[in-house]
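Heads up, the thing below is written out as structure tokens.
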Amino acid sequence: MSAAVLQEDFINRLREHFDVLSAYVLAQLNAGEELTINVAAEESLFVRFNSNRVRQNTDVEQIGISLRLQSNRRTVEKSRSLGGNMDADRLALMHLLAQCRDEVAVLPLDPNQVPIENNGTSSEEFRGALLAAQDVVAAVVAPAAGCDLAGLYASGIVIRGNCNSKGQRHWFATETFFLDYSIYKGPQAAKGCYAGARWSAVEWASNLARTRTLLALLAKPQQDVKPGAYRTYLAPRAFSDLLGMLGWGALSASAWKQGRSPFKKLAENEARLSPLLSIDENFALGLTPRFNDLGEVSATRLPLIEKGELKTLLVSSRTAKEYGLMANGASEGEGPRAMDVRAGTLAEQDVLQALGTGLYLSNLHYLNWSDPVSARVTGMTRYACFWVEEGEIVGPIRDLRWDESLYSALGSKLMALTSHAEIDPAVDTYYRRALGGSRTPGALIDDFSFTL
Amino acid sequence: MPDTVIPHEQALHHALQFSDWAAIRYSSETATHRAVRNDKPESNESSLEEGAMCEVLVDGHFGYAATADLSLSGLQRAFDRAITTTRATSQHKVHSFTPGQRPRTTGVYRSARRRDLDALSVVEITDCLMAASRAMSLSDRLVNRSARAMLVQTQIDYFSSNGSETRQSFDMLDITLAATAAEGLESQTRSWSRTGQFGSEAFDRAAFRENAERVAREALDLLAADNCPSGHMDLVLMPDQMMLQIHESIGHPLELDRILGDERNYAGWSFVKQEDFGRLQYGSSLMNVAFDPGRAHELASYDFDDGGNRATREMLIENGVLRRGLGSLESQVRSGLPGVANFRSASWNRAPIDRMANINLEPGTSSLDELIAQVEHGVLMRTNRSWSIDDYRNKFQFGCEHGQLIENGVLGKLVRNPNYRGVTVDFWNRLAGVGSAAETHGTSFCGKGEPSQIIRVGHASPPCLFRDVDVFGGQS
Ligand SMILES: [Zn+2]
């Protein structure tokens, strides 16, 4: 049997398994009980590389299912892993439902409960053409011969399903891979990522060649840059790292209402960002399902920031219920799932000239709020970062710590966005392979503050 | 020993037909999260993660396949997948390993507890959380009053083809109370947490109420406080910030897999080099740091790591000198350096890697008052709120919830948004006083690895004094 047939099997097998199991559990509900069921499953291969060799390889097949029972104005949610055998899984789910009922009987009233509704039906399946497990390593390492390459190859099927007792039903399955990697020359490194649904030896070779070009630039003499404020270019991946902070409370309506949002001033019209900046949730990027854990379907395009003004925060229906707001299909965490930053006008070939003298940063590292009320963020530079003088790359820098308010960096200090934007696919693998990602241009920022 | 729940003997027998060595790590973890916010239930969720990691050694390479199908045929299929992939990848392995990296071990571990955690009823837990939320209700300015508890029960059983059989059972608790006070555009959050291996006896109603009232009062006080001043000054860090300082600037840089470069593409490399062991003056002579898996109630205590290696207490840094790294038997054989039993995985679906466990700064001889008395001009900081450090673990910047100025040896007024920054070895060499009374803290959320994993770590430390540190406050 070929690998492709096996892979197709997993989607079809899971779909049927989910259909039968969910129908069975929903049929057990008593009057007054409402239930939402979510499934997240994957069939994944992970291969970790160091020195262009294999450090560890792990095959993972997992199915996680959750039941959210709402009854008598109480809410309880229980989830578990399933083995995939129908009889055993049916028993396991009946046991889970019984546990939910036991708790619902004794929990306090949940005044912010969102009534379960039928938010419709959807089904999307994206088939890919992936390497067979035994062919992965040779395909990765051959073009990288002579490179000190470290990183992770992950591939396989990822599934999300949702249904509820009102007849709602959503299904999303995708078959993808990513190779998130960096290459080294001593302590100097450049980062790349090759991701998609169809592995191509030609694409991998050209992706690696681009990263090698960047690494070669690091051979120039190292520059000693003192802390201070410098005009700074954040390449698309670095700008994506910076904008990732928007998913850490800044755009969340509940964080705002709970006094925890660094964008409180923006939300209350006490501040605005640069008119160059427009950000949407854009599910047309096709990286993640439009439905959330309640099965609510977001608009395909939801403007978040338009020319520097906040159009809306991300509002889950639970937050909407609690604070009397309008929900907009956000997940419970109220972070962007498909952030799309509108490109600007600065052409890629003009970036160094526009930068003049300052810093060119390919990647950022380990960001955190350093003063949330001022939306100030600290972090490090990482990988290929250069000192530039009069439009010419002089040489790589030693890593610098920076500390800058987003009200400045995305506000008065934002000079230009590039006309080219890049997709940064989610490569998170905590608990399970993540879906989603973002698309961002590069950003030219004046007087970016470096502190250490 | 409790009954085996999986047919491990037959499955290992199957695997040995095609591999040189094999093991199964079964794990089952129930985690219950309960949260109350502003006197209303926020969430009541639980999860059960149950499955097995099937591990093989083929042509000198260890490889893995994870399954939640615990039937014999399920385990056999997982072993078949592991063997097929590992045979192919072994041609490009980083190192040729032997069963010597998987010593034969047997034994049973049970985390210290008087009553099991599941002896607590839903009602008891909810009442405690609700009482804490209400106890924080001191003012309308307290816009967010949150009480959360995570109760975790874990069973890990490990069986190998060379006769290892270990069974470990853990009850763990993670409680957090947090109050946010807001007025106008300003807001301040104060929190308290208790994290460790405990049974239900640790669910102490009085502690919930007292700490709830305290954090609420302190959040209101912070709202009215001045910003922390900026400048070079002495710094006293309390144990609930020392925990983070130890974690980021000792624990991670000493991980041997980082030093060997495995982690370069994700969390990063390390400034520590292989030749630094036995030589590097990491900190002042007051600095003594231990890997201590045997400390009762600390979050990451255990008897065996996930490679079946028996865990023992080891000194990592003695009198400021770097002695030993945090590396498993695999990293030890690759590097030729001494290590510890820290080959750990997040769950059944992840392969073990080098992790921190309990990393503790050994107590000194000073009382807290004696540490403060040595400061002419400085600040005392409590409770981490912000953390960032570079990928070599050199340049860090940390922020705390709560600061208090020290002038002429006396603790003075409250300041908000206290932060400090430094470079690891320079900073630890500024260590000028170590308290005598250690507190134990921990976190369930240390992230690392490809694929990524979160792991539980414990850090016990007394308060410590550092000289002439770069301190600063917020903008608002
Ligand atoms: Zn960590």
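These protein sequence lines map, in sequence, to chains U and F.
Everything in the first sequence is counted per numbering that gives the first Met the number 0, starting at 0 for the first residue and increasing by one.
Everything in the second sequence is counted per numbering that gives the first Met the number 0, starting at 0 for the first residue and increasing by one.
Positions of the beta carbon are idealized from the N, C-alpha and C atoms, including for glycine.
Quick caveat, the model's predicted, so the values are computed rather than measured.
Where residue i falls: helix, strand or coil (DSSP)
i       : result
N11(U)  : helix
S385(F) : strand
S164(U) : coil
F276(F) : coil
A14(F)  : helix
I158(U) : strand
I278(U) : strand
Y157(F) : strand
W247(U) : coil
E452(U) : For residue 452(U) there is no data in the structure shown, the boundaries of chain U being 0 and 451.
S361(U) : strand
P228(F) : coil
V393(U) : strand
F202(F) : coil
H94(F)  : coil
R54(U)  : strand
Spatial neighbours of residue i in its chain, beta-carbon cut-off 8 Å, leaving aside the 5 residues before and after
i       : result
M85(U)  : H16, V19, L20
T254(U) : For the sequence presented, residue 254(U) should be read as Ala rather than Thr. G248, S260, E333.
A144(U) : N51
D275(F) : L321
Neighbourhood of residue i by C-beta, 7 Å cutoff - its chain only, sequence neighbours within 5 removed
i       : result
T84(F)  : G62
L243(F) : N383, W386, F397
Q273(F) : I258, S334, L336
M0(F)   : With a pLDDT of 42 at M0(F), under the threshold of 50, the modelled position of that residue is not reliable, and the figure given next carries that caveat. V107, R166.
E389(U) : G355, T356
F290(U) : S121, N161, H169, V296
G394(U) : K219, P220, Q221, Q222, F385, W386
N393(F) : F270, V422, T423
D349(U) : none
DSSP beta-bridge partners of residue i
i       : result
F465(F) : L234(F), L430(F)
K320(U) : According to DSSP, K320(U) bridges with nothing at all.
K190(U) : S181(U)
Sequence-distant residues of its chain with Cβ nearer than 6 Å to residue i (five each side left out)
i       : result
E254(F) : L325, D353
A118(F) : S199
A425(U) : A433, G435, G436
K256(U) : Y322
F45(U)  : T57, A153
S26(F)  : I155, W347
R73(U)  : V103, L106, D109
Where the alpha helix (DSSP H) through residue i begins and ends
i       : result
G73(F)  : 71-88
N206(U) : 200-216
C384(U) : From DSSP, C384(U) is part of no alpha helix (DSSP H) but of the beta strand (DSSP E) over 375-388.
W255(U) : 252-256
A296(F) : In the sequence on display, residue 296(F) carries His and not Ala. Unbroken run through H296(F): none, as it is neither H nor E.
L96(U)  : 85-103
C127(F) : 121-134
Q331(F) : 328-334
Endpoints, beta strand (DSSP E) assigned at residue i
i       : result
L47(F)  : 39-57
S168(F) : 164-182
E421(U) : 413-424
D368(F) : Where D368(F) is concerned, there is no enclosing beta strand (DSSP E), although the alpha helix (DSSP H) it sits in stretches over 367-372.
M314(F) : 313-317
I454(F) : 452-460
K264(U) : First-last for K264(U): 263-266, but that is the alpha helix (DSSP H), not the beta strand (DSSP E).
Interface residues of the segment 70-81 of chain U facing chain C [CB-CB below 9 Å]: Going by chain labels, chain C is absent from the structure shown, which instead holds the protein chains U and F.
At least 3 beta-carbon pairs within less than 8 Å: the segment 456-464 of chain F vs the segment 350-365 of chain F: Contact between the segment 456-464 of chain F and the segment 350-365 of chain F is present, because at least three Cβ pairs lie under 8 Å.
Cβ pair count under 8 Å reaching 3, the segment 352-363 of chain U against the segment 377-394 of chain U: yes
Touching by the beta-carbon criterion (3+ pairs, under 8 Å), the segment 363-383 of chain F and the segment 70-83 of chain U: The segment 363-383 of chain F and the segment 70-83 of chain U do not touch, with fewer than 3 CB-CB distances between them shorter than 8 Å.
Touching by the beta-carbon criterion (3+ pairs, under 8 Å), the segment 45-58 of chain U and the segment 128-144 of chain U: Enough Cβ pairs lie closer than 8 Å, so yes.
Segment contact flag, the segment 63-78 of chain F with the segment 87-103 of chain F, C-beta cutoff 8 Å, min 3 pairs: no
Contact the segment 261-268 of chain F vs the segment 405-415 of chain F: 3+ CB pairs below 8 Å: no
Stretch-stretch touch, CB-based, cutoff 8 Å, three pairs: the segment 229-247 of chain U with the segment 437-446 of chain U: The answer is yes - the segment 437-446 of chain U touches the segment 229-247 of chain U, with three or more Cβ pairs under 8 Å.
Touching by the beta-carbon criterion (3+ pairs, under 8 Å), the segment 198-217 of chain F and the segment 233-252 of chain F: no
At least 3 beta-carbon pairs within less than 8 Å: the segment 397-407 of chain U vs the segment 423-434 of chain F: no
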